[in-house]
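Trainee: Dropping a structure here in structure tokens format, bear with me for questions.
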Amino acid sequence: MQFKQYPSYKPSGVEWLGDVPKHWSVIPSKFYFIERKEKAENKDKQLTASQKYGIVFQEDFMAENGRVMVVMKNPEILKKVRPNDFVISMRSFQGGLELSYLEGSISSAYVMLKPNLHVVDIEYFKYLFKTPRYIQSLQSTSNLIRDGQALRFNNFSQVKLVLPPKSDQHKIVSFLDTETTRIDNLITKQEKLIELLEEQRKSIISHAVTKGLNPNAPMKDSGVEWLGDVPKHWDVIPSKFYFTERKEKAVNADKQLTASQKHGIIYQDEFIAENGRVMVVMKNPEILKKVRPNDFVISMRSFQGGLELSSLEGSISSAYVMLKPDLSLINTEYFKYLFKTPRYIQSLQSTSNLIRDGQALRFNNFSQVKLVLPPKSEQQEIVEYLDKEKNKIDNLTYKQKSLIEKLKEYRSSIISHAVTGKIDVREFTA
Numbered sequence: 008m009q010f011k012q013y014p015s016y017k018p019s020g021v022e023w024l025g026d027v028p029k030h031w032s033v034i035p036s037k038f039y040f041i042e043r044k045e046k047a048e049n050k051d052k053q054l055t056a057s058q059k060y061g062i063v064f065q066e067d068f069m070a071e072n073g074r075v076m077v078v079m080k081n082p083e084i085l086k087k088v089r090p091n092d093f094v095i096s097m098r099s100f101q102g103g104l105e106l107s108y109l110e111g112s113i114s115s116a117y118v119m120l121k122p123n124l125h126v127v128d129i130e131y132f133k134y135l136f137k138t139p140r141y142i143q144s145l146q147s148t149s150n151l152i153r154d155g156q157a158l159r160f161n162n163f164s165q166v167k168l169v170l171p172p173k174s175d176q177h178k179i180v181s182f183l184d185t186e187t188t189r190i191d192n193l194i195t196k197q198e199k200l201i202e203l204l205e206e207q208r209k210s211i212i213s214h215a216v217t218k219g220l221n222p223n224a225p226m227k228d229s230g231v232e233w234l235g236d237v238p239k240h241w242d243v244i245p246s247k248f249y250f251t252e253r254k255e256k257a258v259n260a261d262k263q264l265t266a267s268q269k270h271g272i273i274y275q276d277e278f279i280a281e282n283g284r285v286m287v288v289m290k291n292p293e294i295l296k297k298v299r300p301n302d303f304v305i306s307m308r309s310f311q312g313g314l315e316l317s318s319l320e321g322s323i324s325s326a327y328v329m330l331k332p333d334l335s336l337i338n339t340e341y342f343k344y345l346f347k348t349p350r351y352i353q354s355l356q357s358t359s360n361l362i363r364d365g366q367a368l369r370f371n372n373f374s375q376v377k378l379v380l381p382p383k384s385e386q387q388e389i390v391e392y393l394d395k396e397k398n399k400i401d402n403l404t405y406k407q408k409s410l411i412e413k414l415k416e417y418r419s420s421i422i423s424h425a426v427t428g429k430i431d432v433r434e435f436t437a
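Quick note on the numbering used here: the sequence shown kicks off at 8 and runs consecutively.
In structure tokens, the structure reads:
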């Protein structure tokens, strides 16, 4: 889509805005937004600010996210929010300001901005206050990282804003509503395609590891609910006969490992660097267990995401269980696939009421779930087939994710260009 520019421009004198259309005003924000300092009333329902949902009733936010929040009943420590107010929340330095369509009460840590509706189209400023360049300009008014302070009205008022004629604001909103809806619909389609690819991946893996690759192979009833029918020449044996529990203690020389559903078994310092998290490093080998290459690890999250295969040697939390496979019978890559299938994970979950009693999975839980054992040569064939199929699906998924990122970048760019006057959309018709 080709866009033209406005007929003439002028320097705004504001770094984040650059040149703006000549007929637009650049005015300190405090001249058309004032701070609302109204106290809440007893009748007001409590609200919360969310970058994902905007300003919503706190009870709705809790229901949607399954979170427990502190409900402050005393209106003396709450502020009033009215429809059309913008809210500066604790996360505004990351995600911009939120527009409220609701009336209610909110934390006194937040700042309410009452717009002058004679000159302000709130939907135009809803777009503008979410642009990365505006947010960066807001960030520059306070060293939040260093001193941890909240953004106040003083920070907001330091950032000069552009003010197009209200008719231009309306046109920009109409254009952006149409264009962002179109882009969002395209993103939704790509996300659904990624979900379908993920379902296909799981289905291919589950079928291959429990039914084999030969569609004409004679089948038998495994006698195990989660397996169903399996090839007649495959064995179905209690897992404890080809996996034993490793109870070896760590030694001082061992580097500490951690289990992650996303990364598998990795060195803890790499996990901290990758995720920006601080973890407790337990130095005493007496309270750590030994992990060796080809061990499977039952972690605290195995009831959600299955077992992790280790390619490393090191130490790990004593809360985890190490499984040493019989490598004369087992291809670890085959069982890496099998131990991540939803039906296996569900079967593992059924061995313990984890939600009720909060206990970790132990070797006893693992040994209750019977496993299938194809001939080792067939395990290798299945691994090779699944590696190829997985790579195909991963490549398709990567392409879809890349397209989504490009669409999001375009969405952000088109909003920023429209609200700062870099493109003229006044002749746009939906």
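Don't be surprised by glycine CBs; every beta carbon is placed ideally from N, CA and C.
Kindly indicate which residue of 60, 205, 157 and 303 has the alpha-carbon position closest to the one of residue 396.
Mentor: The residue with the shortest Cα to Cα distance from residue 396 is 205.
Trainee: Over what stretch of residues does the beta strand (DSSP E) that includes residue 210 continue unbroken?
Mentor: Where residue 210 is concerned, there is no enclosing beta strand (DSSP E), although the alpha helix (DSSP H) it sits in stretches over 173 to 218.
Trainee: Check this for me: beta carbons of residue 158 and residue 99, under 8 Å apart or not?
Mentor: Yes, the pair counts as a contact, with Cβ atoms nearer than the cut-off.
Trainee: Check whether the Cβ atoms of residue 27 and residue 19 lie closer than 8 Å to each other.
Mentor: Going by C-beta atoms, residue 27 is nearer than 8 Å to residue 19.
Trainee: Would you identify the three-state DSSP class for residue 20, choosing helix, strand or coil?
Mentor: Reduced to three states, the DSSP call for residue 20 is coil.
Trainee: For the putative contact between residue 243 and residue 258, defined by C-beta atoms under 8 Å, what is the C-beta separation to the nearest angstrom?
Mentor: At roughly 38 Å, the Cβ-Cβ gap does not stay under 8 Å, so residue 243 and residue 258 are not in contact.
Trainee: With residue 92 as the anchor, note down where its beta strand (DSSP E) starts and where it stops.
Mentor: Looking at the DSSP string, residue 92 is not in any beta strand (DSSP E), and its letter there is neither H nor E.
Trainee: For the alpha helix (DSSP H) holding residue 342, just list the boundary residues, first then last.
Mentor: 339 to 345 is the span of the alpha helix (DSSP H), which, as asked, contains residue 342.
Trainee: Give me, in chain order, the residues of the same chain whose beta-carbon lies closer than 6 Å to that of residue 176; leave out the 5 immediate sequence neighbours on both sides.
Mentor: Closer than 6 Å at Cβ, skipping near neighbours: 128 and 131.
Trainee: Grab the span of the beta strand (DSSP E) containing residue 271 for me, first residue to last.
Mentor: Element bounds for residue 271: 271 to 274.
Trainee: What are the uninterrupted segments assigned as alpha helix (DSSP H) that are 4 or more residues long and contained completely in the region 356 to 388, given in chain order?
Mentor: Runs of the alpha helix (DSSP H) inside the region 356 to 388: 361 to 364 and 370 to 375.
Trainee: Any contact between the region 42 to 53 and the region 107 to 122? By contact I mean 3 or more CB pairs, one from each, below 8 Å.
Mentor: Judged by Cβ distances under 8 Å, the region 42 to 53 makes contact with the region 107 to 122, as three or more pairs qualify.
Trainee: Please report how far the alpha carbon of residue 249 lies from the alpha carbon of residue 346, in whole angstroms.
Mentor: Each residue's alpha carbon lies about 14 Å from the other.
Trainee: Taking residue 168 as part of the beta strand (DSSP E), name the residues at either end of that continuous run.
Mentor: Its beta strand (DSSP E) spans residues 167 to 170.
Trainee: For residue 303, list the residues DSSP reports as bridge partners.
Mentor: Per DSSP, 316 and 330.
Trainee: Does residue 349 come out as helix, strand or coil in the three-state DSSP assignment?
Mentor: It is helical.
Trainee: Does DSSP classify residue 390 as helix, strand or coil?
Mentor: Note: residue 390 maps to helix in three-state DSSP.
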